[in-house]
Amino acid sequence: MTDSRRGVAEIAGTAETGEATTESGGSTESTGRDGNPVAPGGARTAADVVTPALVARLTAGVVGSGTTVNHTPFTGQKLADLPESSPQDVAAAYDRAREAQRRWAAVPVRQRAAVLLRFHDLVLARQAEVLDLIQLETGKARLHAHEEVLAVAIAARHYGRKAPAYLRPKGHTGVIPTLTKVTELRRPRGVVGQIAPWNYPFELSVGDALPAFVAGNAVVMKPDTETALTALWARELLIEAGLPADVWQVVLGEGPVVGPAVVAHADYVSFTGSTRTGREVAQGAAARLVGCSLELGGKNAMLVLRDADVEKAAAGAIRGCFSSAGQLCISIERLYVHESVADDFIRRFVTRTKAMRLGTGLAYGADMGSLVSGRQLETVTRHVEEAVAKGATVLAGGRPRPDIGPLFYEPTVLEGVQAPMAVCTEETFGPVVSVYRFRDEDEAVALANDTPYGLNASVWSRDGRRGRAVAARLRAGTVNVNEAYAAAYGSARAPMGGMGDSGLGRRHGSEGILKYTEAQTVAQQRILPLAPAFGLDDEQYAALMSHGLRAMKALRLR
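The opening position of the sequence shown corresponds to residue -9 in my numbering, with each subsequent residue numbered one higher.
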């Protein structure tokens, strides 16, 4: 990501941009009569937040022998000079983490869990600090940044309360009841290698690391360089809450250089990112016979059934399609609307989309922020322009907004999208959604499932039972009824993850912590051996065991 914001001015000046700038003249009312309005800006700037003292404090624990930089997408300007790690630095970070992990694993689980509960309180008390960093590093609106605070606090509370139960020894029925005592133990894997993305730098860094820590592991994390300050702030706060500093090591650098080194030393790998890179991570982990969890891409669908509350569905679609400028793996990129309510829904949805306020202020008030990089802006622009050239209609948006910032693009609604338009099947990962009409629920389900991805979906119906029945037919790891994504994602006791090309493994719930452990079975045989004894010959022993198995079946033993 380090170089992806170069050439931003050239990208922002393509297509309709020149015309848009001329129409707006930089005014508050945007690019002409139909453009999105601009939210009032705040008085504080990046320089007020990212001070040299803050950067020095946060980067003090980074293992790095080189230097790199990160930027803010609001302006494209540099935020901070950061340490850059080499493969040798990564190896040194693992050495530190392994030594610290042995001591950390010896700490009772309830004491480890208490660290998470203290962290929960600190996050909520000092959220303004991290909200500023999230906004500056990602360009997202403050309300969308606050979703990360909520998600991290929920995860900290959940695993702070439930980890002792998830990890406690469990007794099982042995081969011979009462004579065989069986206990299942959960042992930490060791050092987890975590590669975190740029789009949710708080939630997808520390939020994913919390269950690994409470399970007794250390973590060597590579956050994206462009959003490293947010992850480093989280590390500082977790250390303040009681985590030993060396248990969480952070390395920074280009993905192709640092990423393979993180995978090469890990006892388990946690990765969130693109499907293409996820395949490479999985291959690297498999070559070393270590496990991995992967949350990858999506082309998520929302179904508006004939009996849906159209006004609520339109409001939900705004949240589902344009949160974090659509740069959310579980955001909605395909809208399937029953033909009987399509005109009403589209009118309401487009009206809401055009009214969204865009802004750069470090304060609440903007409905959507910026894209994060020139690469994302280029993809969004290409998808929309190609679709229009091949016959799609722009119902809202469809243009960049350089009058606000170099990487802003209006929330965009398309109709008439079909293959082979790239936006039809490829993940855009931006504020673009395509609307399709359907005749019956069977057709809608078939269309929604017609993708190699399977991460998230949404169903809208006044009839909860009907909505859940349709949801159960969708091939997606999470499905929300009468919400876009937050209901499922925020339910931390339930698993969250993808099917198909959307990944492997789950976060949240028991699966979200047990994946960071190895199951160990300890079986103690008492009184009698599992072999001929007390004068029984082989045949008599075999007959006795066979009778015993029949008896255990009759007694419904499992």
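Where a beta carbon is used, it is the ideal one built from N, C-alpha and C, also for glycine.
Remember, predicted model here, so these are calculated numbers, not experimental data.
Please name the residue in Asp440, Thr343, Leu397, Lys380 whose C-alpha comes closest to that of leucine 367.
-> Distances from the CA of leucine 367 to each of Asp440, Thr343, Leu397, Lys380 were compared; the closest alpha carbon is that of Leu397.
Where do the ends of the alpha helix (DSSP H) carrying tryptophan 94 lie?
-> 77 to 95
Take every Cβ of the region 278 to 297, pair it with every Cβ of the region 444 to 453, and state whether three or more of those distances are shorter than 8 Å.
-> yes
Cβ pair count under 8 Å reaching 3, the region 304 to 323 against the region 509 to 523 | no
Would you check if the distance between the CB atom of glycine 467 and the CB atom of leucine 284 is smaller than 8 Å?
-> no
Only counting runs of 3 or more residues, tell me where the beta strand (DSSP E) segments fall wholly within the region 278 to 330, in order along the chain.
-> Assignment of beta strand (DSSP E) within the region 278 to 330, counting only whole runs of 3 or more residues, yields 281 to 285, 290 to 294, 322 to 328 in chain order.
Any idea what DSSP makes of glycine 149, helix, strand or coil?
-> It is tyrosine, not glycine, that sits at residue 149 in the sequence shown. Residue state, collapsed to three classes: helix.
Bridge partners - lysine 160, DSSP secondary structure assignment = Glu174
Taking Cβ to Cβ, would you say threonine 128 is nearer than 8 Å to proline 191?
-> yes
Might you give, ordered along the chain, the residues of its own chain that have their beta carbon closer than 8 Å to the beta carbon of arginine 151, omitting 5 neighbours on each side?
-> Ala103, Leu107
In three-state terms, what does DSSP make of tyrosine 475?
-> coil
Own chain, CB closer than 7 Å to threonine 49, minus 5 neighbours either side, in chain order | These residues qualify, in order along the chain: Leu72, Pro73, Leu222.
Once you ignore the five residues that flank threonine 18 on each side, which residues in its own chain have a CB closer than 8 Å to its CB?
-> Note that threonine 18 scores 38 on pLDDT, short of 50, meaning its location in the model is unreliable; the coordinates nonetheless yield the value given after this. Once the five neighbours on either side are set aside, the close Cβ partners of threonine 18 are Pro27, Val28.
Could you check the C-alpha separation between aspartate 85 and valine 120 for me, to the nearest Å?
-> 30 Å
Following the continuous alpha helix (DSSP H) through isoleucine 503, name the residue where it begins and the one where it ends.
-> 499 to 504
Three-state secondary structure assigned by DSSP to threonine 468 | Here threonine 468 sits in strand by DSSP.
How about lysine 130 and serine 264: are their beta carbons less than 8 Å apart?
-> The Cβ-Cβ distance between lysine 130 and serine 264 does not fall below 8 Å.
Look at threonine 511 and proline 178 and say whether their C-beta atoms are less than 8 Å apart.
-> no
Spell out the partners DSSP gives aspartate 214 in its beta bridges.
-> Per DSSP, none; premise fails for aspartate 214.
What number of angstroms, rounded off, separates the C-alpha of aspartate 430 from the C-alpha of alanine 90?
-> 58 Å
Spatially closest choice to threonine 57 from Gly243, Glu226, Gly206, Ala146, by CA coordinates = Gly243
DSSP state of valine 53, grouped into three classes?
-> coil
For arginine 296 and chain C, any beta-carbon pair shorter than 8 Å?
-> Absent here is chain C; the protein component of the structure consists of one chain.
Report the residue ranges of all alpha helix (DSSP H) runs contained in full by the region 404 to 464; include only those spanning at least 4 residues, in chain order.
-> 412 to 415, 431 to 438, 454 to 462
With DSSP run on the structure shown, which of helix, strand or coil describes isoleucine 166?
-> In this structure, DSSP gives isoleucine 166 a state outside helix and strand, which the three-state scheme calls coil.
Meets three-Cβ-pair contact criterion under 8 Å: the region 146 to 165 and the region 523 to 532 = no
In three-state DSSP terms, what is tyrosine 531?
-> helix
Determine the DSSP secondary structure at glycine 16, reduced to helix, strand or coil.
-> Reliability fails at glycine 16, whose pLDDT of 34 lies under 50, so the model's placement of it is uncertain and no value is given.
Got a sec? Which residues, its chain only, sit under 8 Å from alanine 239 by beta carbon, not counting five neighbours each side?
-> Inspection of the sequence shows that residue 239 is occupied by glutamine rather than by alanine. Counting only Cβ-Cβ distances below 8 Å, and skipping sequence neighbours, we find Gly51, Val53, Ala83, Tyr84, Arg86, Ala87, Ala208, Val209, Val210, Met211.
So which of Asn189, His110, Val247 has the shortest CA-CA distance to arginine 225?
-> His110
Straight-line gap, valine 196 to serine 363 (C-alpha atoms, nearest Å) = 23 Å
If proline 522 and tyrosine 531 are in contact, beta carbons under 8 Å, what's the gap, nearest whole angstrom?
-> Rounded, the Cβ-Cβ distance is 4 Å, consistent with contact.
Where arginine 176 and arginine 278 are concerned, what is the direct C-alpha to C-alpha distance, given to the nearest angstrom?
-> 22 Å
How long is the line joining the alpha carbons of glycine 420 and cysteine 319, rounded to whole angstroms?
-> The straight-line gap separating the alpha-carbon atoms of glycine 420 and cysteine 319 is approximately 10 Å.
Counting only the same chain and skipping the five closest in sequence on each side, list residues whose C-beta sits under 6 Å from that of glycine 388.
-> Val374, Thr402
Grab the span of the beta strand (DSSP E) containing valine 259 for me, first residue to last.
-> 258 to 262
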